[in-house]
Amino acid sequence: MQANNDSAILVTRSSMPPLEEYVKEIEPLWETHWLTNEGPIHQLLESKLERYLSVQHAELFVNGHSALEAAIEALDVHGEAITTPFSFASTTHALVRKGLDPVFCDIKPDDFTMDPEKIEALITPRTSVIVPVHVYGNMCDVDAIQQIADKHGLKVIYDAAHAFGVRYHDKGVASYGDASMLSFHATKVFNTIEGGCVCFSDTSLQPILKKIRNFGITGPESVESVDGNFKMNEFCAAMGVCNLRHVDDEIEKRKHVAERYCDLLSGVRGLRLGVHYGEGSQESVTPNYAYMPVIFDDKQFGASRDDVFYALAQSNIYTRKYFYPLISDYACYSERFDSSLTPVAQWAADHVLCLPIYADLALEDVDRICGIIQDIPSHK
Ligand SMILES: *Cc1c(COP(=O)(O)O)cnc(C)c1O
Numbered sequence: 027m028q029a030n031n032d033s034a035i036l037v038t039r040s041s042m043p044p045l046e047e048y049v050k051e052i053e054p055l056w057e058t059h060w061l062t063n064e065g066p067i068h069q070l071l072e073s074k075l076e077r078y079l080s081v082q083h084a085e086l087f088v089n090g091h092s093a094l095e096a097a098i099e100a101l102d103v104h105g106e107a108i109t110t111p112f113s114f115a116s117t118t119h120a121l122v123r124k125g126l127d128p129v130f131c132d133i134k135p136d137d138f139t140m141d142p143e144k145i146e147a148l149i150t151p152r153t154s155v156i157v158p159v160h161v162y163g164n165m166c167d168v169d170a171i172q173q174i175a176d177k178h179g180l181k182v183i184y185d186a187a188h189a190f191g192v193r194y195h196d197k198g199v200a201s202y203g204d205a206s207m208l209s210f211h212a213t214k215v216f217n218t219i220e221g222g223c224v225c226f227s228d229t230s231l232q233p234i235l236k237k238i239r240n241f242g243i244t245g246p247e248s249v250e251s252v253d254g255n256f257k258m259n260e261f262c263a264a265m266g267v268c269n270l271r272h273v274d275d276e277i278e279k280r281k282h283v284a285e286r287y288c289d290l291l292s293g294v295r296g297l298r299l300g301v302h303y304g305e306g307s308q309e310s311v312t313p314n315y316a317y318m319p320v321i322f323d324d325k326q327f328g329a330s331r332d333d334v335f336y337a338l339a340q341s342n343i344y345t346r347k348y349f350y351p352l353i354s355d356y357a358c359y360s361e362r363f364d365s366s367l368t369p370v371a372q373w374a375a376d377h378v379l380c381l382p383i384y385a386d387l388a389l390e391d392v393d394r395i396c397g398i399i400q401d402i403p404s405h406k
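Next up, the structure:
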């Protein structure tokens with residue numbers, strides 16, 4: 027891989043508030059010395075997020091993964107969990123680490139979310155929960171999934187790590203299912219450096235999640251369960267309070283970048299965008315422009331996904347093969363699963379490439395990236 031003189035463009039770039047704004051937010055900590063354990067900034071961020079996300083409750087965690095594990099534990103689900111192999115490691119790892127057996131359901135070819143038509147065939151007497159992913163910020167078919175869950179008495183936990191700020195029929199994405207996990211990792215649309223939350227409406231889950239977050243402690247002299255430490259500290263919460271003030275502007279800037287990609291790439295033969303704004307399955311969805319997945323059909327495009335990956339890398343532009351390999355093909359899982367049982371996911375993993383997208387990506391850089399991509403077949 028050769029680097030040239032252009033400065034590198036990475037697949038994403040973390041949003042940061044103006045430094046003075048952050049300093050102002052953390053300054054009181056030098057008075058109070060209250061640095062963690064549900065301090066005032068933690069409480070402030072939770073209530074601001076509940077309002078922003080239009081959810082009844084949001085409980086903060088040190089990262090999205092621990093929030094997902096906590097949601098699984100709090101909902102007391104066991105046995106088998108129907109989930110998707112087309113996601114980040116965290117989704118399946120959380121289930122396995124909490125003692126569940128994952129069962130992989132295939133995805134839809136248009137938006138890569140779990141295919142509701144393939145769920146029922148996977149349900150057994152041991153199934154207790156469905157764990158779909160709003161992958162790339164594409165909204166799952168929440169209505170169909172809920173209908174199946176209700177019919178069979180299953181819980182639904184959404185991995186909404188990609189979907190901060192997404193809305194459906196003007197309801198917040200995280201208000202669906204029994205619980206939704208959001209990630210506030212540095213690479214996500216909204217970040218607290220590291221962080222995440224569980225969103226839910228059943229108030230009885232609140233004390234359980236608080237207990238799971240803090241060693242099972244329920245009072246100064248009472249410890250009720252064997253749990254770990256997943257609390258967000260005040261410095262991360264302060265980053266969140268600052269970033270939340272700017273997140274609408276950041277999403278608006280991402281929108282311009284995304285629309286430029288759509289304009290330049292939508293007519294190219296053999297190439298298909300993995301996001302559809304307000305159309306098809308995403309009708310009535312307000313997007314967050316988190317990712318720019320593109321599917322390359324080798325035969326029609328004249329070059330493979332990997333050709334595009336290397337050609338862009340030679341120009342110092344770094345894309346990501348999200349999500350390759352499929353989770354079911356990881357070394358830690360491949361003996362247990364057969365990826366050919368989820369052929370759509372298998373095909374997507376082999377043909378998708380996520381192009382750079384972030385609020386401050388210059389439109390001229392988008393033009394350059396798209397120009398390089400369109401030239402690749404003729405150089406082969
Ligand atoms: C980022 C991510 C997670 C994990 O979130 P962290 O905050 O990094 O722990 C889980 N699932 C998906 C799909 C993600 O992209």
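Mapped onto our numbering, the consecutive letters of the sequence shown carry residue numbers 27 to 406. Note that CB positions come from ideal geometry on N, CA and C, so glycine has one too.
How many whole angstroms separate the CB atoms of residue i and residue j, which I take to be in contact at a CB cut-off of 8 angstroms?
i: residue 298; j: residue 321; result: 4 angstroms
i: residue 168; j: residue 194; result: 7 angstroms
i: residue 88; j: residue 220; result: 6 angstroms
i: residue 295; j: residue 392; result: About 20 angstroms; that fails the 8 angstroms criterion.
i: residue 359; j: residue 375; result: About 14 angstroms separates the two Cβ atoms, so there is no contact after all.
i: residue 209; j: residue 293; result: That belief does not hold up - the Cβ atoms of residue 209 and residue 293 are roughly 34 angstroms apart, past 8 angstroms.
i: residue 267; j: residue 70; result: 6 angstroms
i: residue 353; j: residue 142; result: About 20 angstroms; that fails the 8 angstroms criterion.
i: residue 378; j: residue 328; result: With 8 angstroms as the limit, residue 378 and residue 328 do not qualify as a contact, their Cβ atoms being about 17 angstroms apart.
i: residue 97; j: residue 205; result: 4 angstroms
i: residue 217; j: residue 258; result: No, residue 217 and residue 258 are not in contact; Cβ-Cβ is about 12 angstroms, not under 8 angstroms.
i: residue 135; j: residue 107; result: Not confirmed; about 23 angstroms, so no contact.
i: residue 343; j: residue 395; result: 6 angstroms
i: residue 182; j: residue 156; result: 5 angstroms
i: residue 234; j: residue 317; result: At roughly 32 angstroms, the Cβ-Cβ gap does not stay under 8 angstroms, so residue 234 and residue 317 are not in contact.
i: residue 200; j: residue 81; result: 5 angstroms
Which residues mark the beginning and the end of the beta strand (DSSP E) in which residue i is found?
i: residue 261; result: That residue, residue 261, is in no beta strand (DSSP E); its alpha helix (DSSP H) goes 260-291.
i: residue 377; result: Unbroken run through residue 377 is the alpha helix (DSSP H), 369-377; no beta strand (DSSP E).
i: residue 83; result: 83-87
i: residue 108; result: 106-109
i: residue 299; result: 297-299
i: residue 243; result: 243-245
i: residue 351; result: Neither: residue 351 is in no beta strand (DSSP E) and is coded neither H nor E.
i: residue 129; result: 127-130
Going by C-alpha to C-alpha distance, which of the options sits closest to residue i?
i: residue 184; options: 147, 120 and 288; result: 120
i: residue 282; options: 385, 293 and 83; result: 385
i: residue 178; options: 150, 187, 191 and 199; result: 150
i: residue 272; options: 252, 44 and 200; result: 44
i: residue 131; options: 139, 124 and 125; result: 139
i: residue 162; options: 213, 123, 232 and 223; result: 213
i: residue 363; options: 118, 347, 240 and 52; result: 118
i: residue 356; options: 305, 114, 246 and 247; result: 114
i: residue 238; options: 247, 254, 228 and 245; result: 254
i: residue 312; options: 404, 182 and 164; result: 164
i: residue 63; options: 86, 77, 252 and 387; result: 86
i: residue 315; options: 250, 192 and 252; result: 192
i: residue 371; options: 78, 211 and 159; result: 159
i: residue 34; options: 381, 373, 341 and 346; result: 341
i: residue 335; options: 347, 326, 81 and 50; result: 347
i: residue 365; options: 133, 82, 42 and 58; result: 133
i: residue 230; options: 200, 397 and 84; result: 84
i: residue 175; options: 189, 187, 199 and 203; result: 203
i: residue 188; options: 211, 361, 196 and 51; result: 211
i: residue 173; options: 361, 247 and 146; result: 146
i: residue 309; options: 388, 72, 93 and 196; result: 196
On the DSSP letters alone, give me the boundaries of the alpha helix (DSSP H) that residue i sits inside.
i: residue 397; result: 389-405
i: residue 70; result: 66-79
i: residue 48; result: 45-52
i: residue 335; result: 331-340
i: residue 93; result: 90-100
i: residue 231; result: 231-239
i: residue 154; result: Element bounds for residue 154: not the alpha helix (DSSP H) but the beta strand (DSSP E), 153-157.
i: residue 123; result: 115-123
i: residue 168; result: 168-178
i: residue 324; result: 324-327
i: residue 60; result: It is not in any alpha helix (DSSP H) - residue 60 carries neither H nor E in the DSSP assignment.
Check the DSSP bridge columns for residue i and list the partner residues they point to.
i: residue 312; result: 193
i: residue 206; result: 184 and 225
i: residue 142; result: Answer by DSSP bridge pairing: none, since residue 142 is not bridged.
i: residue 381; result: 318
i: residue 255; result: 240
i: residue 346; result: 380
i: residue 249; result: 243
i: residue 133; result: 140
i: residue 198; result: 193
i: residue 35; result: 343
With a threshold of 7 angstroms, establish whether the CB of residue i neighbours any heavy atom of ligand 3.
i: residue 238; result: Absence of ligand 3 is noted for the structure shown, with ligand 1 being the only ligands found.
request  = Could you please go through the chain and list the residues whose beta-carbon is closer than 6 angstroms to any non-hydrogen atom of ligand 1?
outcome  = 89, 90, 91, 113, 114, 116, 117, 159, 185, 187, 188, 209, 211 and 222
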